[in-house]
Amino acid sequence: MNSKKQYLYLIAKSKWEADLINAECQALIGKPPDENGIIISERKVDVSRGAYIKNCVELIFQTASLEQLHRYLEAAKLYADDFRVSVTKIPRGLKMNSMELASEIGARIEGSPDLDNPKVIFYLVATDEQLWFGKITSESDRAWIKHTAKPHTTSSSLPARLCRAVVNIIADIGDSLVDPCCGAGTLLLEAAHIGINVVGYDINKKMVGASRKNLEYFGLEGAIHLADAREITGRFDALTTDLPYGIYTQASDKLYREILQNIKSLAPKAALITAKDITDMLCDLGYEAKRVIPVPKSRVTRYIHIVDILECND
Ligand SMILES: C[S@@+](CC[C@H](N)C(=O)[O-])C[C@H]1O[C@@H](n2cnc3c(N)ncnc32)[C@H](O)[C@@H]1O
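Quick look at the structure:
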């Protein structure tokens, strides 16, 4: 193997969310996954905040044959207390028995196995052509699953996993992030959970209460205010919002323009989510559109516009 340490990242696969997945991988790891949902990189990243990035494995051996892997393991005399061996096959239907593979590998590692509460997880990723073996250094905390059961939600609330990916694309841990139309606060929840300082606004008092209670329910902090996004002021590291739309909201181009005109002064970069592609409007208003990530879901396609706001970049 290469003398520099290498890391394997395993990425969730979804045809519909492929662009969003690529963008999250680019933002956190610096490259997109291959067709197997794998990234190999010399960059070590803590992926506990990952939405579609499942885990990071520090590679120990890479080989094309099981016999060779066994020989490497026997020569290396690996030792670990409380370890487990996990196996992922790509594709899942690959003709190999995961349990047998795991126990054959485990038998070649010295120390004590603990399948229920392992301190060390050795990991094998097997494809038709390659076997990658290593040790997990971090795994996604998948906390969006419990956040999905937040006490307050609305028909226009975004999927929590999508929000986690958006937050990862636009902000870093420790940044300040504003959502000027926060609704029930799904974006804020994911951001606050990973250590971003969040501020939210909504024109609807009920929504302000919903966001506050949702954050509180999960023991998270954030400042939520009742305000019109057309009037708010302030300065943040990043902005993300899901602009008003849907049958209960009067979402006109005029409202979009007025909101977008004002929130331009709030942050140098933004991820703006809409139910239609508004790239032309954004360019017209002086935003620098970097890319649009379409996320189709049943009959609705969401468009995530990643933009720079040049007048804020001083
Ligand atoms: C699509 S929803 C946001 C949903 C939110 N992301 C969630 O997951 O719950 C848009 C929100 O914008 C709010 N809104 C509409 N016009 C606004 C304005 N002028 N200023 C601030 N908020 C506004 C609505 O009250 C609504 O809660």
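For the sequence shown, the working numbering begins at -13 and goes up steadily by one.
No residue lacks a Cβ here, since even glycine has one placed at the ideal position from N, Cα and C.
heavy atom of ligand 1 below 6 Å from residue i C-beta
| i | result |
| --- | --- |
| serine 143 | yes |
| methionine 82 | no |
| proline 230 | yes |
| aspartate 214 | yes |
| asparagine 200 | no |
| aspartate 239 | no |
| threonine 172 | yes |
| isoleucine 189 | yes |
| methionine 193 | yes |
N- and C-terminal bounds of the alpha helix (DSSP H) containing residue i
| i | result |
| --- | --- |
| tryptophan 130 | 130 to 133 |
| glycine 195 | 191 to 203 |
| tyrosine 58 | 52 to 62 |
| tyrosine 231 | Segment: none, tyrosine 231 is in no alpha helix (DSSP H) and carries neither H nor E. |
| arginine 147 | 146 to 156 |
| leucine 174 | 172 to 179 |
| alanine 213 | Element bounds for alanine 213: n/a, residue is neither H nor E. |
| isoleucine 7 | 4 to 14 |
Same chain, Cβ closer than 6 Å to residue i, neighbours up to 5 away in sequence not counted
| i | result |
| --- | --- |
| cysteine 133 | Correcting the residue identity first, residue 133 is histidine in this sequence and not cysteine. Closer than 6 Å at the Cβ level, and outside the excluded window around histidine 133, lie Ala146 and Leu175. |
| valine 73 | Ser84, Leu87, Ala88 and Leu110 |
| tyrosine 289 | Thr260, Asp263, Val278 and Pro280 |
| isoleucine 292 | Ala257, Lys276 and Arg277 |
| glutamate 297 | none |
| aspartate 223 | Asp161 and Ser162 |
| alanine 177 | Val153, Leu163 and Val184 |
| cysteine 149 | Thr172, Leu173 and Glu176 |
| asparagine 8 | Pro18 |
| threonine 139 | Ala170 |
| threonine 123 | Cys42 and Glu44 |
N-terminal and C-terminal residue of the beta strand (DSSP E) that residue i is part of
| i | result |
| --- | --- |
| leucine 252 | No beta strand (DSSP E) contains leucine 252, which DSSP labels as neither H nor E. |
| asparagine 41 | 39 to 49 |
| aspartate 165 | 162 to 165 |
| isoleucine 26 | 24 to 27 |
| aspartate 68 | 65 to 75 |
| asparagine 83 | Note, asparagine 83: premise wrong, no beta strand (DSSP E); not H, not E. |
| isoleucine -3 | -7 to -3 |
| valine 33 | Taken as a continuous stretch (DSSP letters only), valine 33 belongs to no beta strand (DSSP E), as it is neither H nor E. |
| aspartate 188 | 183 to 188 |
Same chain, Cβ closer than 7 Å to residue i, five either side skipped, listed in chain order
| i | result |
| --- | --- |
| isoleucine 12 | Note that residue 12 is glutamine in the sequence shown, not isoleucine. Excluding sequence neighbours, glutamine 12 sits near Pro18. |
| glycine 92 | Val71 and Pro99 |
| serine 238 | none |
| lysine 191 | Leu212 |
| proline 282 | Trp2 |
| tyrosine 58 | Phe47 and Thr49 |
| aspartate 214 | Ile189 |
| threonine 265 | Ala275, Val278 and His291 |
| isoleucine 249 | Pro166, Ala215 and Leu225 |
| alanine 151 | Leu6, Glu10, Ala37 and Tyr38 |
heavy atom of ligand 3 below 6 Å from residue i C-beta
| i | result |
| --- | --- |
| cysteine 167 | You won't find ligand 3 in this model; what it holds is ligand 1. |
Anticipated Cβ contact below 8 Å, residue i with residue j, distance rounded
| i | j | result |
| --- | --- | --- |
| glycine 16 | leucine -4 | Actually they do not touch by this definition, with Cβ atoms about 16 Å apart. |
| glutamate 44 | lysine -9 | 6 Å |
| glutamate 125 | serine 34 | 7 Å |
| phenylalanine 108 | phenylalanine 69 | 6 Å |
Test: residue i CB closer than 7 Å to a CB of chain C
| i | result |
| --- | --- |
| tyrosine 109 | Considering every chain present, this structure includes no chain C. It has just one protein chain. |
Counting only runs of 3+ residues fully inside the stretch 93 to 129, write out the beta strand (DSSP E) ranges in chain order.
96 to 99, 106 to 112 and 117 to 125
Output the residue ranges of the beta strand (DSSP E) runs that lie fully inside the stretch 242 to 297 and measure 3 residues or longer, sorted by chain position.
255 to 260, 274 to 283 and 286 to 294
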